[in-house]
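A.B. asks: Residue 213 in full-length UniProt numbering is what sits at position 213 of the sequence shown, and the numbering runs on without skipping anything. For glycine and all other residues, C-beta sits at the position ideal for the given N, C-alpha and C.
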Amino acid sequence: MADGNGILFGVGVGPGDPELITLKAMRAIEACPVVATPQTAGGATVALDIARAAVDLAGKEILTLRFSMGGEGARRAERHARAVDEIVGRLGRGLDVALLNLGDPSIYATFQRIAAAVRERGFEVRTVPGVPSFCAVAATLGADLTPRMDTPLHIVPAACADAERAFAWPGTKVLMKAGGHLGELQRDLARADVLDRASAVTDCGMAGERVFRTLADAPEESGYFTTVVVRP
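#1: Less than 6 angstroms between C-beta atoms, sequence neighbours within five positions excluded: which residues of the same chain meet that for V229?
#2: In chain order, what are the residue ranges of uninterrupted alpha helix (DSSP H) at least 4 long that sit wholly in the stretch 155-199?
#3: D227 by DSSP, collapsed to three states: which one?
#4: Take L195 and list the residues in its own chain whose beta-carbon comes closer than 7 angstroms to its own, dropping the five residues that flank it on each side.
#5: Taking three-plus beta-carbon pairs below 8 angstroms as touching, is the stretch 39-54 in contact with the stretch 156-166?
#6: Closer than 8 angstroms by C-beta to A2: which residues in its own chain qualify, once you throw out the five before and the five after it? Chain order, please.
#7: Can you tell which of R121, F123, G130, I87 has the C-alpha that lies nearest to the C-alpha of D104?
#8: Do you know offhand how far A58's Cα is from T22's?
#9: Which residues bound the beta strand (DSSP E) around A98?
#10: Hey, L65 and T40 are a contact pair by Cβ (cut 8 angstroms); roughly how many whole angstroms apart?
#11: Excluding the five sequence neighbours on either side, which residues of its own chain have a C-beta within less than 6 angstroms of the C-beta of V125, listed in chain order?
#12: At which residues does the alpha helix (DSSP H) containing I29 begin and terminate?
#13: Is I87 helix, strand or coil when you go by DSSP?
#14: How many angstroms separate the CA atom of A81 from the CA atom of A207?
#15: Reducing DSSP to helix, strand and coil, say where R66 ends up.
#16: Of all the options L102, A83, E220, which has the alpha carbon lying nearest to the alpha carbon of A51?
#17: Given a cut-off of 8 angstroms, decide if F134 and T202 are closer than it, judged by their beta-carbon atoms.
#18: Can you list, in chain order, the residues of its chain with a C-beta nearer than 6 angstroms to that of E61? Leave out the 5 residues immediately preceding and following it.
#19: How should E19 be labelled, buried or exposed, when 16 other C-beta atoms within 10 angstroms of its C-beta is the threshold for buried?
#20: Determine the burial state of G92: buried for a count of at least 16 other Cβ atoms within 10 Å of its Cβ, exposed for fewer.
#21: Please classify A53: is it buried, with 16 or more other beta-carbons within 10 angstroms of its beta-carbon, or exposed?
#22: Which residue or residues does DSSP assign as beta-bridge partners of A36?
#23: According to the neighbour-count rule (16 or more other Cβ atoms, all chains shown, within 10 Å of its Cβ), is D56 buried or exposed?
#24: Determine whether the beta carbon atoms of H154 and W169 lie at a separation below 8 angstroms.
#25: What are the residues that DSSP puts in a beta bridge with V125?
This is the structure:
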C-alpha cells in the first residue's frame, strides 16, 4: 500500500509441490513487499522453499518467524506474541505482509492464532486458500475419500485424544501430523481391526516423499508431515 496501514495475507502454498500453488497465492506473494515464513527449530523454512520455487522473491524482505509446534503454553504464546509484533511493525509502516502457510490457512494453522491477534491490533487480514495436504495425499494414493455421496469425511489430528475413538466413526478418517504417532496408531488400528484399511504418505510432494500403501509397512516414527488415511 502506498499509504495507510498494510494488510496481512495468510497465503496457503499447498502441501509441498510448488506446482500446487494457486495463481492467486502467487499473485499475493508477488504483490507483498514482506514475506513472512515459519521456521522450524532446526532452521528449516519449508513453506518459503515451496514459494521460492514458484515465485521470484528478489527484493522482498524475508521475515522468519519461529513458531512452537507443541501444545499450548507460555513458550508458544511468547513466540506468537513476538511474531505478531514483528508483523504489526511492518503493517504499521504501510507494508503488506504475506504470511506463508503449508496447505490451507484454515486447517490446523498457526496463521489463525496470528491473524486473530493482528485483527485485535486494528489491522486488516485476508486469507488466500491453498490445496490441503490430505487432498494431495489422496491423489498420491489414488484414494477416493468419499466413495459415496453420503460418506462422512473426518479430519482428526493424530495427537487428538479422540483419535482412537474416531476409528469407529462411519466413513473415511484422515489423521494429520501423524509422524510421531505411527507406532501407536498401528497398534490402535489393529485393535480396531481396520489396520488393513490404512495408508500413509510422508512429506507429500516434497523431495523426501514416502508412500506406505499399507500402514503396517510404515516405521513406528516418521516425519512431522505424515498423513494417514483410513478407508471406510
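C.D. replies: According to the data block:
#1: Locating residue 229 in the sequence shown gives position 229, where the first residue counts as 1. Around V229: A143, V174, S199.
#2: Segments of the alpha helix (DSSP H) lying fully in the stretch 155-199: 163-166, 182-191.
#3: Indexing the sequence shown from 1 puts residue 227 at position 227. Sequence check: residue 227 is Thr here, not Asp. Three-state result, T227: strand.
#4: The residue labelled residue 195 in the question sits at position 195 within the sequence shown. Excluding positions up to five away in sequence, the list reads Q186, L189, L215, A216.
#5: no
#6: The count along the sequence shown starts at 1 and reaches residue 2 at position 2. The predicted model places A2 with a pLDDT of 40, which falls under 50 and marks its position as unreliable; any figure quoted below should be read in that light. The residues are G94.
#7: Start at 1 with the first residue of the sequence shown, and residue 104 comes out as number 104. Among R121, F123, G130, I87, the Cα nearest to that of D104 is on G130.
#8: As a working mapping, residue 58 is identified with position 58 in the sequence shown. As a working mapping, residue 22 is identified with position 22 in the sequence shown. Approximately 20 angstroms, taken between the alpha carbons.
#9: On the sequence shown, position 98 is the one that residue 98 refers to. Taken as a continuous stretch (DSSP letters only), the beta strand (DSSP E) holding A98 covers 97-101.
#10: In the sequence shown, the residue the question calls residue 65 occupies position 65. In the sequence shown, the residue the question calls residue 40 occupies position 40. The Cβ separation is near 11 angstroms, so there is no contact.
#11: Along the sequence shown, one-based indexing puts residue 125 at 125. Excluding sequence neighbours, V125 sits near L8, A115, V118, R119.
#12: To locate residue 29, count along the sequence shown from 1; it is residue 29. It spans 23-31 - the alpha helix (DSSP H) in which I29 sits, taken as one unbroken run.
#13: Residue mapping note: residue 87 aligns to position 87 of the sequence shown, counting from 1. It is helical.
#14: Counting from one through the sequence shown, the residue named residue 81 turns up at place 81. Counting from one through the sequence shown, the residue named residue 207 turns up at place 207. Distance between the alpha carbons of A81 and A207 is about 33 angstroms.
#15: Sequence index remark: in the sequence shown, residue 66 carries index 66 (1-based). Three-state DSSP puts R66 in a strand.
#16: Against the sequence shown, residue 51 aligns to sequence position 51. Per the Cα distances, L102.
#17: As a first step, residue 202 must be located in the sequence shown, where it is residue number 202. As a first step, residue 134 must be located in the sequence shown, where it is residue number 134. Their beta carbons are not under 8 angstroms apart, which means T202 does not touch F134 by this criterion.
#18: Sequence index remark: in the sequence shown, residue 61 carries index 61 (1-based). Only V34 meet the Cβ criterion.
#19: Residue 19 sits at position 19 when you count from the first residue of the sequence shown. Answer is exposed; the Cβ neighbour count stays below 16.
#20: Walking along the sequence shown from the start, residue 92 turns up at place 92. So G92 counts as exposed.
#21: Here residue 53 is taken as the residue at index 53 of the sequence shown, counted from 1. Counting Cβ neighbours within 10 Å, A53 comes out exposed, since fewer than 16 surround it.
#22: Locating residue 36 in the sequence shown gives position 36, where the first residue counts as 1. Per the DSSP secondary-structure output, A36 pairs in a beta bridge with L63, L99.
#23: Your numbering for residue 56 matches position 56 in the sequence shown. It is exposed - the Cβ of D56 has fewer than 16 other Cβ atoms within 10 Å.
#24: To locate residue 154, count along the sequence shown from 1; it is residue 154. To locate residue 169, count along the sequence shown from 1; it is residue 169. Yes, Cβ-Cβ distance for H154 and W169 is below 8 angstroms.
#25: Numbered from its first residue, the sequence shown carries residue 125 at position 125. Partner(s): L8.
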